[in-house]
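Here the structure comes first, spelled out in structure tokens, and everything after it is commentary.
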Amino acid sequence: VHSMEKLLKRLIGEDIALQIRLDKDCRPIHIDPSQLEQVIMNLAVNARDAMPEGGSLRIETANVHLGPAFAAGHPEVKEGSYVRVAVSDTGSGIDEGILPQIFEPFFTTKERGRGTGLGLSTVYGIVKQALGYVYAENTDGGAEFTLYFPPSPGQSSDESDRGQGEPALEGSETILLVEDEQTVRRLTR
Numbered sequence: 007v008h009s010m011e012k013l014l015k016r017l018i019g020e021d022i023a024l025q026i027r028l029d030k031d032c033r034p035i036h037i038d039p040s041q042l043e044q045v046i047m048n049l050a051v052n053a054r055d056a057m058p059e060g061g062s063l064r065i066e067t068a069n070v071h072l073g074p075a076f077a078a079g080h081p082e083v084k085e086g087s088y089v090r091v092a093v094s095d096t097g098s099g100i101d102e103g104i105l106p107q108i109f110e111p112f113f114t115t116k117e118r119g120r121g122t123g124l125g126l127s128t129v130y131g132i133v134k135q136a137l138g139y140v141y142a143e144n145t146d147g148g149a150e151f152t153l154y155f156p157p158s159p160g161q162s163s164d165e166s167d168r169g170q171g172e173p174a175l176e177g178s179e180t181i182l183l184v185e186d187e188q189t190v191r192r193l194t195r
């Protein structure tokens, strides 16, 4: 997130103040860095579009624990430790009537020719692929997208998460490679 600061400032323009607040003790997460950058870029572009007269864009990271109270309101969530990435703006917010649809592919509120409607569905797909959760809500002064990522296996400080990491990927299997072109076979091997 920190390495994107210069790029984000150019992307959002000088009328929007960028605030980045990163928890220096955030646990690592298992995600392709370029995909996380794409998520943040998509959210920053949407925030910029919601603030044509300027405003503020804030990106925060923190270690959090999602307990029973949170899980009760979000049945898809597994209780435990997560890394939270929050992207909030002081823009116009999201119309409550369309809030349930915003992560659908090809859904857009932008004028024809000004967007494909794939930005937020891409965000959703990347977060889900990383076994995380993403939520959008209106705030008093704009909108906030909150992403929760599980920490990398072995990185949790939560007692209830210990011992539940994914098993090591190792084995003694044999792979049969079949290719009639010798050069392709060598390259593939």
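The sequence shown maps to residues 7 to 195 in this note's numbering.
Heads up, the beta-carbon is just placed ideally off N, CA and C, and yes, glycines get one too.
Please read these numbers as outputs of a predicted model, since none were measured by experiment.
Burial of Asp95 is indicated by the presence of at least 16 other C-beta atoms within 10 angstroms of its C-beta. Straight-line spacing of the CA atoms in Gln135 and Ala78 works out to 23 Å. Tyr154 is a Cβ neighbour of Gly138, given a cutoff of 7 Å. The beta carbons of Ala68 and Arg90 sit about 5 Å from each other, so the pair counts as a contact at 8 Å. Contact between Ile65 and Val7 holds, with the beta-carbon distance rounding to 6 Å and staying under 8 Å.
DSSP places His8 in the helix class (H, G or I) of the three-state scheme. Proximity to Phe109 across Gly97, Leu126, Val93, Val70 peaks at Leu126, based on C-alpha coordinates. Secondary structure of Val70 (DSSP, three-state): strand. Taking 4 residues as the minimum length, the alpha helix (DSSP H) runs contained wholly in the region 19 to 66 are 39 to 55, in order along the chain. Our two residues, Tyr130 and Glu43, have alpha carbons roughly 14 Å apart in a direct line. Straight-line measurement puts the Cα of Leu49 at about 16 Å from the Cα of Gln107.
Just so you know, the alpha carbons of Thr189 and Arg195 end up roughly 10 Å apart. Contact check for Ser98 against Ala142 fails: the beta carbons are separated by 7 Å or more. Scanning Glu150, Glu179, Phe113 for the CA closest to the CA of Val93 turns up Glu150. At a cut-off of 3 residues, the continuous stretches assigned as beta strand (DSSP E) that sit fully inside the region 99 to 146 are 139 to 145. For Thr96, no beta strand (DSSP E) segment is defined, and its DSSP state is neither H nor E.
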